[in-house]
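Colleague: Residue 44 in full-length UniProt numbering sits at position 44 of the sequence shown, with consecutive numbering throughout. In this text, a Cβ means the ideal position worked out from N, Cα and C, and glycines have one as well. Here the structure is a predicted model, which means the values were calculated and not measured. Before I ask anything, let me first share the structure, which is written out below as structure tokens.
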Amino acid sequence: MASVRVTEVYAYLSILHVLWFALGGAFGAALRYCASQALAPFSQQWPVSTWVVNVLGAFLLGFIAAYFNDYGYSPGFLFWELGVLGGFTTMSTFAVEHLNLLRAQRYAAAISYMLGSGLGALGAIMLGFTLGGLVS
1 MASVRVTEVY
11 AYLSILHVLW
21 FALGGAFGAA
31 LRYCASQALA
41 PFSQQWPVST
51 WVVNVLGAFL
61 LGFIAAYFND
71 YGYSPGFLFW
81 ELGVLGGFTT
91 MSTFAVEHLN
101 LLRAQRYAAA
111 ISYMLGSGLG
121 ALGAIMLGFT
131 LGGLVS
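Right under this line is the structure:
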């Protein structure tokens with residue numbers, strides 16, 4: 001029987017971890033695109049699609065973390081929390097949309113978007129974590 005070195009096992013696990021993360025990211029990005037398209041009619045005056053995606057993503061992250069009590073780098077964590085939700089939510093789009101509101105001198109919309117996104121995501125992750133803990 002051939003001997004297996006620890007470094008070979010580690011490299012194999014690392015490749016699997018990257019694959020779980022990449023598959024989840026691709027799935028999350030596709031979901032993000034679909035949500036953007038579905039919510040585009042509501043996002044003309046205020047970035048509704050990004051807000052919904054980020055707050056929903058925060059809720060799901062809290063729920064999944066509490067439900068699975070998973071804070072390590074297991075395949076489930078890599079796929080769902082880092083991959084799917086990382087590809088689904090988007091801080092960079094939030095920043096660009098916020099900058100666009102400021103450049104258009106739509107200060108009230110910019111402030112409400114910043115506060116609504118931050119407080120909405122915080123409330124959503126707390127709610128998700130609470131509900132995930134209750135059903136686990």
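Work out the CA separation of Ile125 and Val55 for me, nearest whole Å.
Modeller: Rounded to whole angstroms, Val55 to Ile125 spans 8 Å at the Cα level.
Colleague: Just mark Ile64 as buried or exposed, buried being the case when its beta carbon has 16 or more other beta carbons within 10 Å.
Modeller: Looking at its Cβ environment, which holds 16 or more other Cβ atoms inside 10 Å, Ile64 is buried.
Colleague: Scan the segment 6-62 and note each continuous alpha helix (DSSP H) run of 4 residues or more that stays entirely inside, going in chain order.
Modeller: Correct list: 6-39.
Colleague: Is the Cβ-Cβ distance between Ser49 and Ala40 less than 8 Å?
Modeller: The answer is yes: Cβ separation under 8 Å.
Colleague: Does the beta-carbon of residue 164 have 16 or more other beta-carbons within 10 angstroms, so that it is buried, or is it exposed?
Modeller: Because the chain spans 1 through 136 in this model, residue 164 falls outside it and cannot be assessed.
Colleague: Does the Cβ-Cβ distance between Phe79 and Arg32 come in under 8 Å?
Modeller: No, the pair does not count as a contact, with Cβ atoms beyond the cut-off.
Colleague: Would you mind stating whether Thr128 and Leu60 have Cβ atoms separated by less than 8 Å?
Modeller: Reading off the sequence shown, one finds Gly at residue 128, where the question assumed Thr. Their beta carbons are under 8 Å apart, which means Gly128 touches Leu60 by this criterion.
Colleague: According to DSSP, is Ala104 helix, strand or coil?
Modeller: If DSSP states are grouped into helix, strand and coil, Ala104 belongs with coil.
Colleague: Measure from the alpha carbon of Thr90 to the alpha carbon of each residue in Phe21, Ser36, Ser14 and Tyr107, then state which is nearest.
Modeller: With distances taken between Cα atoms, Thr90 lies closest to Ser36.
Colleague: Evaluate Ala104 with the Cβ neighbour count: other Cβ atoms within 10 Å of its Cβ, from every protein chain shown; 16 or more gives buried, anything less gives exposed.
Modeller: Burial call: exposed.
Colleague: Name the residue from Glu81, Ser74, Gly28 and Ala110 whose alpha carbon lies nearest to the alpha carbon of Phe94.
Modeller: With distances taken between Cα atoms, Phe94 lies closest to Ala110.
Colleague: Using only alpha-carbon positions, find the residue among Phe21, Tyr113 and Leu85 that is nearest to Val96.
Modeller: The residue with the shortest Cα to Cα distance from Val96 is Tyr113.
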